[in-house]
Structures are given as structure tokens and as C-alpha cells.
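*Asks:*
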Amino acid sequence: MKRLFTSFYCFLSIAAIGQTSIFQDAKGESGFKFFGSAITINAKAESINAALDCFRRNPSTNKFDRWGVNLEVASNEGLANIKSEKGLLFDGSVGIYRGWKESAPAAGTGAGWTYERFISVNTGLDQNKFFNAGLPKKDMLFNKSDFTWKVELGQFGYFGNLLYGFSGSFKSQSNIGDLQPKSIRLLEYQLYNDSTLIYSDKKAYDETKFTGNQHVFSINADGALLLNQQVISLPGSTVPPMYAAVHLRYQKIEDIDGQFNPGVGFYIGRPKNPRVIIGGFNIQFLDLFNTEDKQTNAWKRASINIVAGFKLGN
Amino acid sequence: MASLKIELTGDGIIDNAAIYLEDPEESIEYKLNPTSDTKWETEINLPIQNELDYSLYVVAFSGTHFDCRITNMDSNKTIEFEGKTGHPIKNRAHISGSQNI
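Chain order of the listed sequences is W and F. Residues in the first sequence are numbered from 1 upward in steps of one, following the working numbering. Residues in the second sequence are numbered from 1001 upward in steps of one, following the working numbering.
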């Protein structure tokens, strides 16, 4: 029997749009970059992203400059339990963005088009609690902090009925996102002649499974074809835009064979604002070519992600 | 002379915009400048009487709705109109009119 992993994530977008995209997979990866001063919450990735940008026209041309700063506070599953003891209570990253945008002349007669090329640099702090069962009790639980960084270059835009985006990135990150925290029970007190025991429960990652920071190269490419352009463009139409999308993901970690994680999706956009998605789903095939030699077929490694987005304000 | 403020607000991202305003002598293109991805504006001085002829051009992904307001800063009279890109040309809109200002 085929077993598919299903996940659900939603986005809360306040004000305009951030340096994030809602055409993204369950890990939050995307070739699309949408901008503006915004706060975005990704419930699946347990992250909050805030972005500020400065966008202006090059005088008398159809080219535009963009500078942006973004701040992300993110968590892994169970973070609240792991992080709530002392010290900093969150992981975070800060980044800068530089974009060069060009658009078709406004007063033209042919179909319009736009693209933006960009480079972004992010650095972050990743803090976690670990255990090592081979150490003495007093040293068994400990915290580790790692600095991460990421450099990404890419382009996104549209022509005709196609929205597209692609990017390549090089980053330093650990495998902490792939690990599951374990519950640790420590005996704190023995009372009344050992008849009462008081324990404290903690969650921590197994240090022996932790790789530390690794260099990761990844490529993201996305295309979303607007299926009902003629209908939604009619004056007064309230029909929502509909998209068929392809998501291509490739990732290589140092000496490990690269993994290809392609996906397809169907999305419904917001009437009058076609680049904001209000719902949809995608199917992503994880490690399509089974480089890890898992004893499962491609369908069993597939992930179905349901997307729901909504927006506050205009 | 009249001091005019042109404000364009998109429901979604606007990628480029310009307006042609007719004065008694000629028609001149005025490029709008973004204050954000969805808000564009410009201010100009134009020798007009009462009627203002305008042609607004917008580039945005098809289906993007927008509103435009032209304000005579001297009299505070306004012209307001709206449009949507993609009909009949993909990712474009062209709206012309003539109104009292």
C-alpha cells in the first residue's frame, strides 16, 4: 500500500509581501522572490520572516534598484521545549538583498514582461540542546551554537502567462533539521527514604547523529503557468487565477551524492492580485533517483503539501 | 499652470507605469516612480484649463487590478479611475479619458 506523507502549512501575510514566496515547498525553498515590507509566518517551518525594502527607479529608464534587509526567526520541531530553559530562546538570521529589476516600457504595444536579478547574503545563529550518553551525568546535556551563512543568486519574473524563478545558493548549515529530538528523563530528587522520586524531562538531540556545519549547494527552479488569463483579465471579473506549477530542487551536501527533489503543484490565486496564492497543493518527490538506496519506491518518498494563504489588509 | 499629483495603487505588484497628459501644446510622457511595489506616483506642473486628457499605461502580471487618482493640488479636485492588466494585451493596461479637473 502506498504511503504518502501529508503536511499542511499556511502563511499569514501582513501589509504587502516579503522577501519570501508562497510558491514554495514544505521546506520554504523557492525560486520566486516577492518583496515589500512585510511579516510572514510559515507555520510548517515554524518561522517568522520580516522584510524591509527600498525600491526606486533609475532616472528616466525602465530599470529599478532594490535594497532589502530581512530578519527571520525560525525553529525546528519541538523548539519551544528545547529552547525555553535559559539563554537565547530562538534561532535567527539576518540578511541583505540587492536586486536589479527591468520591466518592459510602460507605453508599449506588445505583451509586458519583467525580470529581477538578485544576490542575497544571510547569516544566522543556530542554537540547540544536545545529549551524549557516553559522558558523565553532569556533562550529558549541553548546548551548542553554530553560525550559518548563505549566499544566493538568481532571477525571477514573468512573460506571457508564465511566472518563473530560479536561483543557486551556497550555504553552510548542519543536519539539525533532519534530526528528531529525544526525551531525556533526569532524576532530580529522592525524598522520604527513596519512596518519592522527582524527575525533570528535557528534549535534546543526539550529538552522535549531528554532523555540524556542512557546505551545501542547491538549485531551485519554479515555473507557474496561469491557466485562465483571458477570464481573470476581464474588467470586473472576480474569478481567481489558477496555476499549474513545476518545482525543481537539487541539493548536494559535500561528498554526499546530490539529490533531485522535483514537484508539481496546482494553485489558486487571489482575484485582482494574481501573484498572491490563497490555496493549492503540491506533490514533491524526495530524492527521485534514490541516491541513498532506500528500500522504497519514488511514490513512497513523495510528500503532499497543502498550501493555504490569506492576507490581512489591502 | 496646474500642479498635479498622480497616484497609482495596485492590488498587486505594479512593475512599470507612465501617464501621458495633454497640455494645449503637446502630449508628454511622465514616468511614475515607485514608493513600493504597489504604490507609484509623480507630481508635475502642466498648463491646463479645465479639461484634462490622460492616457495611463501600466505593466503588471495579467489580472492585477489598480486604482489611479489625479489630484489638482491647487483646487483639490480629483479624477479617479481603475483598471486591470491583461485585457486585451497580456500583462498590460492602457486607459484613456478626458475629465474636468
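Backbone N, C-alpha and C fix where the C-beta goes; we use that ideal spot for every residue, glycine too. None of the values given here were measured: they were computed from a predicted structure.
When DSSP labels each residue in this structure, what does T208 (chain W) get in the three-state scheme?
*Replies:* It is helical.
*Asks:* Can you find the residues in the same chain that come closer than 7 Å, C-beta to C-beta, to N995 (chain F), ignoring five residues on each side of it along the sequence?
*Replies:* Nothing can be reported for residue 995 (chain F), as the shown portion of chain F is limited to 1001 through 1101.
*Asks:* So the beta strand (DSSP E) I1044 (chain F) belongs to, where does it begin and stop?
*Replies:* 1039–1046 is the span of the beta strand (DSSP E), which, as asked, contains I1044 (chain F).
*Asks:* For the stretch 229–257 of chain W, list every residue whose C-beta sits within 7 Å of some C-beta in chain F, in sequence order.
*Replies:* Taking 7 Å as the Cβ-Cβ cut-off against chain F, the residues of the stretch 229–257 of chain W that qualify are Q229, I232, S233, L234, P235, P241.
*Asks:* Looking at chain F, is there any beta carbon in it that lies within less than 8 Å of the beta carbon of Y158 (chain W)?
*Replies:* Judged by the 8 Å Cβ criterion, Y158 (chain W) is in contact with chain F.
*Asks:* Between T1036 (chain F) and chain W, is there a C-beta pair that is closer than 8 Å?
*Replies:* It is worth fixing the name first, because residue 1036 (chain F) is Ser in this sequence and not Thr. Answer yes: the Cβ-Cβ gap between S1036 (chain F) and chain W drops below 8 Å somewhere.
*Asks:* Within 8 Å of any Cβ in chain W, is that where the Cβ of D1023 (chain F) sits?
*Replies:* Not one chain W Cβ lies under 8 Å of D1023 (chain F).
*Asks:* Would you kindly check if the distance between the Cβ of I1089 (chain F) and the Cβ of A111 (chain W) is under 8 Å?
*Replies:* Against a cut-off of 8 Å, the Cβ pair of I1089 (chain F) and A111 (chain W) comes out as a contact.
*Asks:* Ordered along the chain, which non-local residues of its own chain (more than five positions away) have a Cβ less than 6 Å from that of C1068 (chain F)?
*Replies:* Closer than 6 Å at the Cβ level, and outside the excluded window around C1068 (chain F), lie L1008, L1056, F1081.
*Asks:* Report the option in F:S1096, F:P1034, F:Q1099, F:G1083 whose CA atom is closest to the CA atom of N273 (chain W).
*Replies:* Comparing Cα positions, the closest option is F:G1083.
*Asks:* So which residues on chain F does V276 (chain W) lean against when the C-beta distance must stay under 7 Å?
*Replies:* Result: G1012.
*Asks:* If A221 (chain W) sits next to Y267 (chain W), beta carbons under 8 Å apart, how far is it from one beta carbon to the other, in whole angstroms?
*Replies:* Not quite, the Cβ-Cβ distance comes to about 16 Å (not below 8 Å), so this is no contact.
*Asks:* Taking G272 (chain W) as the query, report the chain F residues whose CB atoms sit under 8 Å from its CB, ordered along the chain.
*Replies:* Note that residue 272 (chain W) is Lys in the sequence shown, not Gly. Neighbours of K272 (chain W) on chain F, chain order: D1011, G1012, G1063, T1064, H1065, K1084.
*Asks:* Expressed to the nearest angstrom, what Euclidean distance is found between the alpha-carbon atoms of Y164 (chain W) and Y158 (chain W)?
*Replies:* Taking the straight line joining both Cα atoms gives about 6 Å.
*Asks:* Would F285 (chain W) and I306 (chain W) qualify as a contact pair, given that the criterion is a beta-carbon distance under 8 Å?
*Replies:* No, these two residues do not count as a Cβ contact at 8 Å.
*Asks:* Per the contact definition of three or more C-beta pairs closer than 8 Å, is the stretch 141–153 of chain W in contact with the stretch 61–70 of chain W?
*Replies:* Taking 8 Å as the limit for Cβ pairs, the verdict is that the stretch 141–153 of chain W does not touch the stretch 61–70 of chain W.
*Asks:* Identify the contact partners of L226 (chain W) in chain F, using a Cβ-Cβ distance below 7 Å as the criterion.
*Replies:* The answer, in chain order, is S1062.
*Asks:* Can you name, in chain order, every residue of its own chain whose Cβ lies under 8 Å from the Cβ of N1011 (chain F), other than the five neighbours on each side?
*Replies:* Note that residue 1011 (chain F) corresponds to Asp in the displayed sequence, not to Asn. Within the same chain, D1011 (chain F) has close Cβ partners T1038, T1064, H1065, F1066.
*Asks:* Out of W:T196, W:Q229, W:L187, W:S167, which has the shortest C-alpha to C-alpha gap to I29 (chain W)?
*Replies:* For clarity, residue 29 (chain W) is Glu in the given sequence; the question names Ile instead. Considering only alpha carbons, the answer is W:S167.
*Asks:* Can you tell me whether F170 (chain W) is buried or exposed, with buried defined as 16 or more other CB within 10 angstroms of its CB?
*Replies:* Flag for F170 (chain W) reads exposed.
*Asks:* Please confirm whether A107 (chain W) has its beta-carbon closer than 8 Å to some beta-carbon of chain F.
*Replies:* True, the Cβ-Cβ gap to chain F drops below 8 Å.
*Asks:* Is the Cβ-Cβ distance between R275 (chain W) and D287 (chain W) less than 8 Å?
*Replies:* No.
*Asks:* From F:Q1099, F:I1014, F:I1044, pick the residue whose C-alpha is nearest to that of F55 (chain W); which is it?
*Replies:* It is F:I1014.
*Asks:* Note down, in chain order, every chain W residue with its Cβ under 8 Å from the Cβ of N1016 (chain F).
*Replies:* Near N1016 (chain F) (Cβ distances below 8 Å), the residues of chain W are N62, S103, A104, P105, A106, G112, T114.
*Asks:* Which value, in whole angstroms, describes the spacing of the CA atoms of L1004 (chain F) and L1021 (chain F)?
*Replies:* When rounded, the distance between both Cα atoms is 10 Å.
*Asks:* Find the nearest neighbour of D255 (chain W) within the set W:Y243, W:G265, W:F217, judged by alpha-carbon distance.
*Replies:* Taking only the C-alpha atoms, the option nearest D255 (chain W) is W:F217.
*Asks:* Which residues in the same chain have their Cβ closer than 6 Å to the Cβ of K294 (chain W), if we skip the five residues on either side of it in sequence?
*Replies:* Excluding positions up to five away in sequence, the list is empty.
*Asks:* For L163 (chain W), return the contacting residues in chain F, with the cut-off set at a CB-CB distance below 9 Å.
*Replies:* Going along chain F in sequence order, the residues near L163 (chain W) (Cβ under 9 Å) are F1061.
*Asks:* Using 8 Å for Cβ pairs, my map puts H1094 (chain F) next to P235 (chain W). What's the rounded Cβ distance?
*Replies:* No, H1094 (chain F) and P235 (chain W) are not in contact; Cβ-Cβ is about 13 Å, not under 8 Å.
*Asks:* Of all the CB atoms in chain F, is at least one closer than 8 Å to the CB of F55 (chain W)?
*Replies:* At least one chain F Cβ lies under 8 Å of F55 (chain W).
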